[in-house]
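The listed protein sequences derive, respectively, from chains P and E.
Residue numbers for the first sequence follow this note's numbering, beginning at 2 and rising by one.
Residue numbers for the second sequence follow this note's numbering, beginning at 2 and rising by one.
For glycine and all other residues, C-beta sits at the position ideal for the given N, C-alpha and C.
A short worksheet on the structure shown next.
2 protein chains.
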Amino acid sequence: MSLGEFELIARLLRPLASGFPGALELGDDAALVEVPSDRQLVVAKDAIVEGVHFLPDDPPELVAGKLLRVNLSDLAAMGADPLAYLTVIARPPHLEDRWLEDFARGLADDQARFGLHLIGGDTVATPGPLLLSLTVLGLVPRGAALLRSGARPGELVCVSGTLGDAAMGLRILRGLAVPEELVPPLVERYRTPRPRLALGRALRGLASAAIDVSDGLLADLGHVLERSSVGAEIELARLPLSEAARGLPGARSCALSGGDDYELLFTLPQQHEGLLPELATRAGVPIAVIGRTTTEPGLRVLDPEGRPMTIERTGWRHF
Amino acid sequence: MSLGEFELIARLLRPLASGFPGALELGDDAALVEVPSDRQLVVAKDAIVEGVHFLPDDPPELVAGKLLRVNLSDLAAMGADPLAYLTVIARPPHLEDRWLEDFARGLADDQARFGLHLIGGDTVATPGPLLLSLTVLGLVPRGAALLRSGARPGELVCVSGTLGDAAMGLRILRGLAVPEELVPPLVERYRTPRPRLALGRALRGLASAAIDVSDGLLADLGHVLERSSVGAEIELARLPLSEAARGLPGARSCALSGGDDYELLFTLPQQHEGLLPELATRAGVPIAVIGRTTTEPGLRVLDPEGRPMTIERTGWRHF
């Protein structure tokens, strides 16, 4: 038997609102949110579709985690702190209550981990695939948000963690054969993004621009360059690759164009270069300098011999 | 040819963000929203699915209007002023660009009418039906939000406008034969909700509880009673019916249980009864007193002879 909407909300979702008075126990027309006068609200909204962004047999807890973390990654890229979120669950007839229970448990785990609460949303029936949408709210000190538009020529182009692991993990899920011990770390990178919230926070007042790497390094750096009206030159040899991905065919291609890494890509004025080790320590993630911004527009990738490379694929589009 | 995601955003949606600096031209990871220190943020999120909440041949402008207005109605029920919204468009392969163009035009018209801006969202591909989700943000003076939980025994139960028209409009769209001149006003009530924002605003500090009638009078009044821990008695003869619906079979049943009217249902302390004519004038909509709240729990409907009626259907659920 399928849970009705009201029972679903009451039993699975209402506990996720507990501890946030403005959520009004998910029992009112809308939620109330306090924004301290020295803060700005930061809002982002994403959606994922079964069969497109996740697979029918993906564990529901991980789907919940990915949905929440992808949105938290947007907050990280703005330098914001998580506050609250709203969900839409568009439920196909075939979906078991059990799936929703596990999904809610995944939300519960991650909202505790990242310090935010469910405050509202909607559940609807759909004859189509399961669709999940999430709106995340965060807070940032007034005027301190990291934007894509602040990069200036002559700054360092930096990225956290390692690149290409998630794309490699997806290739493995789709059948790429790799040594057995490499499967878990790479697949986990694809399934469980790590939003770099501590790094985003640490970069306030330092980074001139930031974005999270969701569409792929080239595409996302391209967004920063376009919004900032600068160019950039990056060096292939400097791309941070994980131990797991390093030896696999296509690792550099995944690092350049693979999506879903959810690392932070940011530009840093040269004068702050000496702070990078401390920033990495505070954020708990390595930071690599992969190039610099230029007055000349466009994005150039230099091969290990310093020669400009021709890049064909600049990340993927959603449709 | 189908527009890619970036082109779609640039061409159709970006103009809707113009005039709201914190939308960052829909070109950043998230939007920035200022909340004045004497205000609270009000947030609601809804979704509608093709074939469930709207029909494939419904005019796209009207679908856009309904999506936005349904959410604005939630703001009205909280006594909030509209500020901004975010959308998710889950796009099936068959959907023409033309549909999206008309949809965007519908959003443009209504956001100008109601004074809010698009500030973000997501577009994704889906193999299923078109799904549209909207998150609306509003502002309310601190502490002045109208909640469902504030009703006390002995207050007036009031409702704006007329009830049952939208449900009758839907019956007509599904084939109910009615005199020709009744079709436009009833179908329009179903397709184009009128969020009672001015009334919500006028009720701040006066109404003890409020909700918008989306699931049907009985169901929505039930929500207020449950959240407020009171009962109510309403009189069938007092339900406000439109000229168009009045003579049709099932008019009272539609008024009791039909959804989608998006009128405001509220409770008003007896001492404010004398303000009702002025409230109606300020809000530009009639207000009817349909009953009163009681200490005795539960909802009782009295027939024209004052006898309690047995009610079978108390509104519909979403799945």
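How about residue i and residue j: do their beta carbons lie closer than 9 Å?
i      : j      : result
E/R92  : E/A126 : yes
P/V302 : P/L219 : yes
E/L257 : E/A210 : no
P/R172 : P/G121 : no
P/R283 : P/L200 : yes
E/L87  : E/T136 : yes
P/P366 : E/G260 : This structure cannot settle anything about residue 366 of chain P, because the visible part of chain P is limited to 2 through 320.
E/L25  : E/L119 : no
P/P196 : P/F115 : yes
Out of the options, point me to the one whose CA is closest to residue i's CA.
i      : options                        : result
E/L204 : E/L27, E/A77, E/L133, E/V71    : E/A77
P/P309 : P/L13, P/G116, P/I235          : P/I235
P/L108 : P/H95, P/A85, P/E97            : P/A85
E/E244 : E/H54, E/P57, E/G165           : E/G165
P/L198 : P/G259, P/R190, P/G285, P/L148 : P/G285
E/D304 : E/R239, E/A281, E/P278         : E/R239
P/P57  : P/L133, P/F115, P/L73          : P/L133
E/A11  : P/H224, P/A31, P/D30           : P/H224
P/T296 : P/A31, P/P130, P/E51, P/E227   : P/E227
P/E156 : P/P298, P/Q271, P/L17, P/L14   : P/Q271
E/L117 : E/G23, E/P278, E/P130, E/L280  : E/G23
P/L17  : P/D111, P/P94, P/M79           : P/D111
E/R202 : E/G20, E/F21, E/V184, E/A281   : E/A281
P/L300 : P/C255, P/E279, P/S229         : P/S229
E/H54  : E/A167, E/I312, E/E181, E/C255 : E/A167
P/I90  : P/F115, P/L9, P/V158           : P/L9
P/I312 : P/D59, P/P278, P/C255          : P/C255
Report the neighbours of residue i on chain E: residues whose CB is nearer than 7 Å to its CB, in chain order.
i      : result
P/A78  : D30
P/D123 : K46, D47, A48
P/A91  : A48, V50, L132
Can you give me the Cβ contacts of residue i inside the same chain, cut-off strictly under 6 Å, excluding the 5 residues immediately before and after it?
i      : result
E/V214 : D221, D262, E264, L266
P/V160 : E264, L266, A289, I291
E/G170 : L187, V188, R190, Y191
E/P154 : V231, T294, T295, T296
Which residues in chain E have a C-beta closer than 9 Å to the C-beta of residue i? List them in chain order.
i      : result
P/E102 : The contacting residues do not exist; P/E102 stays about 16 Å from chain E at best.
P/R228 : L25, E26, G28, D29
P/I212 : D29, D30
Show which residues of chain E have a CB atom less than 8 Å away from the CB atom of residue i.
i      : result
P/L148 : L25, D29
P/I120 : V44
P/D75  : D30, A31
Leaving out five residues on either side along the sequence, give the residues of the same chain with a beta carbon under 8 Å from the beta carbon of residue i.
i      : result
P/L140 : V36, P37, R40, Q41, L42, V43, A81, D82, L84
P/R247 : none
P/L237 : R253, L257, V302, L303, D304, P305, M310
E/T193 : L63, G66, K67, R70
P/G20  : H118
E/D59  : R192
What does a CB cutoff of less than 7 Å around residue i pick up in its chain, not counting 5 residues either side in sequence?
i      : result
E/L207 : L269, H273, L276
E/P61  : W100, D103, F104, G107
P/E306 : none
P/L96  : L131
P/R143 : D39, R40, Q41
P/I212 : A78, R149, D221, H224, V225, L266
P/F320 : Unreliable placement is indicated for P/F320, whose pLDDT of 36 sits below 50; the coordinate value is still reported in the next sentence. Answer for P/F320: no residue qualifies.
So residue i and residue j are supposed to be a Cβ contact under 8 Å. How far apart are they, rounded?
i      : j      : result
P/K67  : E/D123 : The Cβ separation is near 14 Å, so there is no contact.
P/A233 : P/T163 : That belief does not hold up - the Cβ atoms of P/A233 and P/T163 are roughly 20 Å apart, past 8 Å.
P/V231 : P/A152 : 5 Å
E/A146 : P/L27  : The pair is not a contact, with the Cβ atoms about 15 Å apart (cut-off 8 Å).
E/E51  : E/L131 : 4 Å
E/D75  : P/D30  : 4 Å
P/P287 : P/P241 : 7 Å
Which residues of chain P have a Cβ atom closer than 9 Å to the Cβ of residue i, listed in chain order?
i      : result
E/P130 : T127, P128, G129
E/T163 : The contacting residues do not exist; E/T163 stays about 21 Å from chain P at best.
E/Q41  : G23, L33, V34, E35, V36
Identify the contact partners of residue i in chain P, using a Cβ-Cβ distance below 7 Å as the criterion.
i    : result
E/T1 : The question about residue 1 of chain E has no answer here: the residues shown for chain E are numbered 2 through 320.
Can you pull the chain P neighbours of residue i, defined as C-beta to C-beta under 8 Å?
i     : result
E/G52 : P128
Looking at chain C, is there any beta carbon in it that lies within less than 9 Å of the beta carbon of residue i?
i     : result
P/I49 : Protein chains in the displayed structure are P and E, and chain C is not among them.
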